[in-house]
Amino acid sequence: YRPVITPNGVHVFGRDPESSEQIWSAFSGYPGDPRYREFYRDIGFDRELSYIRPYIDPSGVRVNTGIKYHRITGRNVPLEKKDIYNRVRALEAVKEHAKDFVAKKMRQVDRLLAMMEEAPVIVAPFDSELFGHWWYEGPDFLEAFFREIANENFVKPVTASDAIAKCDSFQILSPAASSWGAGGYNDVWINGKNDWIYPHTHEILERMISLASNFKNESDTLKIRALNQMARELLLAQSSDWAFIMTTGTSVGYAVNRINTHVKRFLELERGLLVDNIDEKYLQAVERVDSIFPEIDFRVFSEA
Numbered sequence: 001y002r003p004v005i006t007p008n009g010v011h012v013f014g015r016d017p018e019s020s021e022q023i024w025s026a027f028s029g030y031p032g033d034p035r036y037r038e039f040y041r042d043i044g045f046d047r048e049l050s051y052i053r054p055y056i057d058p059s060g061v062r063v064n065t066g067i068k069y070h071r072i073t074g075r076n077v078p079l080e081k082k083d084i085y086n087r088v089r090a091l092e093a094v095k096e097h098a099k100d101f102v103a104k105k106m107r108q109v110d111r112l113l114a115m116m117e118e119a120p121v122i123v124a125p126f127d128s129e130l131f132g133h134w135w136y137e138g139p140d141f142l143e144a145f146f147r148e149i150a151n152e153n154f155v156k157p158v159t160a161s162d163a164i165a166k167c168d169s170f171q172i173l174s175p176a177a178s179s180w181g182a183g184g185y186n187d188v189w190i191n192g193k194n195d196w197i198y199p200h201t202h203e204i205l206e207r208m209i210s211l212a213s214n215f216k217n218e219s220d221t222l223k224i225r226a227l228n229q230m231a232r233e234l235l236l237a238q239s240s241d242w243a244f245i246m247t248t249g250t251s252v253g254y255a256v257n258r259i260n261t262h263v264k265r266f267l268e269l270e271r272g273l274l275v276d277n278i279d280e281k282y283l284q285a286v287e288r289v290d291s292i293f294p295e296i297d298f299r300v301f302s303e304a
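Note that the working numbering has the sequence shown beginning at 1, numbered continuously upward.
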């Protein structure tokens, strides 16, 4: 419950399992309260096709619209038997849970202080998509939590940088490889279902490093654009989502196609760059569909 530092000078924080359980657990966490909105019940599948057709794919394929009229109701309640969502009751639950979470953090700090010589740092990181996407009331909970804890002097919210600044010394450690995935290590992202992707992503990474080093002083606008787009394609190919999807078995074909597409686009651009014959129309098309990181500079991959 204190930040440490690695031999390379990187500060490391340990994730607090108590906070994770209280917020993230599908069984005992706050988001599972029966009063909160049900994520999986959507009018895209509830309403008659004639009603929703103007708002979905023209082919008539039903999709989630984001309009959800029901609440969780209970852990084992079938979707078709969910009760109607009541926003007032949901916000009551938000306030209860915010108060409860603050109280639990105060008791936890009390316990830790009895065992430590310095003030403990409780680290509670979560996927941002939990708040508002999976847990519709998540942003309301965050607001209520910060309002509640603002009244306390015993426990204060701080950033990681603030916590580091308050420490006089750090234990030097080399943490074991770990992740938030099942089992606490990397099996979700590297196993027999997805390990084939890494030779390809590692190969284009090595090529990117070499090209960035060789072209770091490049002034030709078209070549710079191509190199920047190659950096985007590399980062998109490296997204951990693709390996995750392959493990969970949802939309595997889509994940495979995304990996193959980004690697192919990288190689196509590299081929034109190396023979000084960049296809600008192709580059424009790729820039349009893969426009993430508009301010990227390929030189961040340069070794020198």
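All C-beta atoms in this analysis are idealised placements derived from N, C-alpha and C, irrespective of residue type, glycine included. Everything numeric in this text was worked out from a predicted model, so none of it was measured.
Closest by CA to residue i, which one among the options?
{"i": "L234", "options": "G181, R207 and A177", "result": "R207"}
{"i": "N8", "options": "D220, H262 and S174", "result": "S174"}
{"i": "P212", "options": "E270, K166 and G184", "result": "A small correction: the amino acid at residue 212 is Ala; Pro does not occupy that position in the sequence shown. The shortest Cα separation from A212 among E270, K166 and G184 belongs to E270."}
{"i": "G44", "options": "P54, Y36, I197 and V77", "result": "P54"}
{"i": "I197", "options": "G60, E143, A243 and L267", "result": "A243"}
{"i": "A255", "options": "E268, R265, Q238 and L267", "result": "Q238"}
{"i": "R308", "options": "L113, I67, V158 and P34", "result": "Residue coverage of the chain in this structure runs from 1 to 304, which leaves residue 308 outside it and unanswerable."}
{"i": "K81", "options": "V121, Y69, I204 and K156", "result": "Y69"}
{"i": "T221", "options": "L283, S20 and R258", "result": "L283"}
{"i": "V375", "options": "F154, L267, I259 and D187", "result": "Outside the modelled stretch of the chain, which goes from 1 to 304, sits residue 375, for which no answer is possible."}
Tell me the DSSP bridge mates of residue i?
{"i": "I172", "result": "I5"}
{"i": "I296", "result": "In the DSSP output, where bridge partners are listed per residue, I296 has none listed."}
{"i": "P70", "result": "Strictly speaking, residue 70 in this sequence is His, with Pro absent from that position. H70 is bridged to I84."}
{"i": "F131", "result": "W135"}
{"i": "R62", "result": "In the DSSP output, where bridge partners are listed per residue, R62 has none listed."}
{"i": "H11", "result": "I5"}
{"i": "D37", "result": "Correcting the residue identity first, residue 37 is Arg in this sequence and not Asp. Beta-bridge pairing links R37 to R71."}
Less than 8 Å between the CB atoms is what I'm expecting for residue i and residue j, so what's the real figure, rounded?
{"i": "H97", "j": "Y30", "result": "4 Å"}
{"i": "G32", "j": "R75", "result": "7 Å"}
{"i": "R263", "j": "H200", "result": "In the sequence as displayed, the identity of residue 263 is Val instead of Arg. Sure, about 5 Å apart at Cβ, within 8 Å."}
{"i": "D140", "j": "L79", "result": "Rounded, the Cβ-Cβ distance is 24 Å, inconsistent with contact."}
{"i": "T73", "j": "D42", "result": "Contact flag wrong, Cβ pair sits at about 15 Å."}
{"i": "N214", "j": "M246", "result": "No, N214 and M246 are not in contact; Cβ-Cβ is about 34 Å, not under 8 Å."}
{"i": "F39", "j": "F101", "result": "Contact flag wrong, Cβ pair sits at about 21 Å."}
Decide if residue i is buried, meaning its Cβ has at least 16 other Cβ atoms within 10 Å, or exposed.
{"i": "N277", "result": "exposed"}
{"i": "N228", "result": "buried"}
{"i": "L49", "result": "exposed"}
{"i": "I292", "result": "exposed"}
{"i": "V275", "result": "exposed"}
Measuring only between beta-carbons, confirm whether residue i sits less than 8 Å from chain B.
{"i": "E143", "result": "No chain B appears in this structure, which consists of one protein chain only."}
Tell me the start and end of each unbroken alpha helix (DSSP H) in the segment 199 to 280 that is at least 4 residues and wholly inside, in chain order. 221 to 237, 240 to 248 and 252 to 274
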